[in-house]
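Using my numbering, the letters of the sequence shown correspond one by one to residues 5 to 279. From the three backbone atoms N, C-alpha and C, an ideal C-beta is built for every residue, glycine too. None of the values given here were measured: they were computed from a predicted structure.
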Amino acid sequence: MATAREEDGSVQLTVTIPWKDINEEAERELFELAKTAVVKGFRKGKAPINKVREQTSTDDLYQKAIQKLLPKYFGDELKKEGIEPIMYPKFQPISTTEGKDWQIRAVTAEAPDIPLDGYKEKITGELRAKSLKRELSQDEKEQAILAYLSENIDFDVPKILIQEETNSRLSNLIQRLEKLGLDLDGYLRSVGKNARELREEYEREARRSLKLELLFGKIALEEKISAGEEEISQYKRAASASSQDAQRLESSHARDAIGSIIVKRKVIKSLAGLT
Numbered sequence: 005m006a007t008a009r010e011e012d013g014s015v016q017l018t019v020t021i022p023w024k025d026i027n028e029e030a031e032r033e034l035f036e037l038a039k040t041a042v043v044k045g046f047r048k049g050k051a052p053i054n055k056v057r058e059q060t061s062t063d064d065l066y067q068k069a070i071q072k073l074l075p076k077y078f079g080d081e082l083k084k085e086g087i088e089p090i091m092y093p094k095f096q097p098i099s100t101t102e103g104k105d106w107q108i109r110a111v112t113a114e115a116p117d118i119p120l121d122g123y124k125e126k127i128t129g130e131l132r133a134k135s136l137k138r139e140l141s142q143d144e145k146e147q148a149i150l151a152y153l154s155e156n157i158d159f160d161v162p163k164i165l166i167q168e169e170t171n172s173r174l175s176n177l178i179q180r181l182e183k184l185g186l187d188l189d190g191y192l193r194s195v196g197k198n199a200r201e202l203r204e205e206y207e208r209e210a211r212r213s214l215k216l217e218l219l220f221g222k223i224a225l226e227e228k229i230s231a232g233e234e235e236i237s238q239y240k241r242a243a244s245a246s247s248q249d250a251q252r253l254e255s256s257h258a259r260d261a262i263g264s265i266i267v268k269r270k271v272i273k274s275l276a277g278l279t
């Protein structure tokens, strides 16, 4: 296994999975498939294993085997290397020759080193300076805090995070345009931009958003700010009451996203109360 770390927190791991394990797992997948396989001349799930094998793609079996094995091998290597990823990895096959050990590259990211020395005092000074002219509303305080954190605390956001977030935002834009019966070229003409300019704009937005998200996470860790289960449940109940897709709010991903929103609100509220 080879590991490459970059200064911005991006990490590449090359994981080797023994062919013996792949082949054995593929065989288990085949026998599992045989329990429900439909083969002409036999009752469902009663066909001989060799007949099921004949109509089953070996590539499909190997892919299912890798899906089962990769999380374990990847997780083991993370522990060995002391890596704590902050995003789900992107997997890229390097060598997948039948009969030989497979190599898979995993690209992920660790949390960057975020300098927080004296941030409370500086935010307090910023808010007091702005309050000299007139009393700030709660919303104005919060916006001033967001601007200060974004512009004055300097660190590198992992490139892979920015790429993934940018791609996600562009994908969402295209989906919205398609629902409206529009295409990307027409949209670009309407806003007077080309594809490169649009991507650069989305990259800037993604970098700022991710920077704030990482900052909130770091501050929450330092100040021991978290979201309790009851708070998350209350948020879900309120959100599901106004949403037709209540089931979506029950996923583990949705739970993490809700927790992140609650923590962000608590951090901003805490910083806004410094004055």
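Counting along the chain, the unbroken beta strand (DSSP E) around Leu17 starts and ends at Ser14 to Ile21. Here Pro52 carries a coil assignment [DSSP, helix/strand/coil]. In the same chain as Lys222, and ignoring 5 residues on each side of it, the C-beta atoms closer than 7 Å to its own belong to Ile118 and Leu120, in chain order.
Below 8 Å, enough C-beta pairs join the region 12-26 and the region 107-115 to call them touching: three or more. If you look at Pro75, you'll find it in the alpha helix (DSSP H) that goes Thr62 to Glu85. Between Tyr66 and Val19, the CB-CB gap reaches or exceeds 8 Å. Around the beta carbon of Glu28, fewer than 16 other beta carbons sit within 10 angstroms, so the residue counts as exposed. Assignment of Gln107 by DSSP, reduced to helix, strand and coil, places it in the strand class. The residue among Leu34, Gly103, Ala110 and Ile70 with its C-alpha nearest the C-alpha of Pro89 is Ala110. By the 16-neighbour rule on beta-carbons within 10 angstroms, Pro93 is buried. Around the beta carbon of Lys215, 16 or more other beta carbons lie within 10 angstroms, which makes this residue buried.
A direct Cα-Cα distance of roughly 16 Å separates Ala242 from Ser264. Residue range Tyr123 to Ser135 is occupied by the alpha helix (DSSP H) that includes Ser135. In the three-state scheme derived from DSSP, where H, G and I count as helix and E and B as strand, Ile157 is classed as coil. In this structure, DSSP gives Thr170 a helical state, which the three-state scheme calls helix. By the beta-carbon neighbour count (other beta carbons within 10 angstroms, threshold 16), Phe35 is exposed.
Taking the Cα of Pro22 as reference, the smallest distance to any Cα among Leu192, Glu227 and Ile108 is reached at Ile108. The Cβ atoms of Ala151 and Leu131 do not sit closer than 8 Å to each other. Looking at the DSSP output, Glu114 shares a beta bridge with Pro89. Taking the CA atoms as reference points, Trp106 sits about 29 Å from Pro52.
Under DSSP, Gln147 takes part in no beta bridge, so it has no partner.
Using a Cβ-Cβ distance cut-off of 8 Å, the region 177-195 and the region 42-50 are not in contact, since fewer than three pairs of beta carbons, one from each stretch, lie closer than that value.
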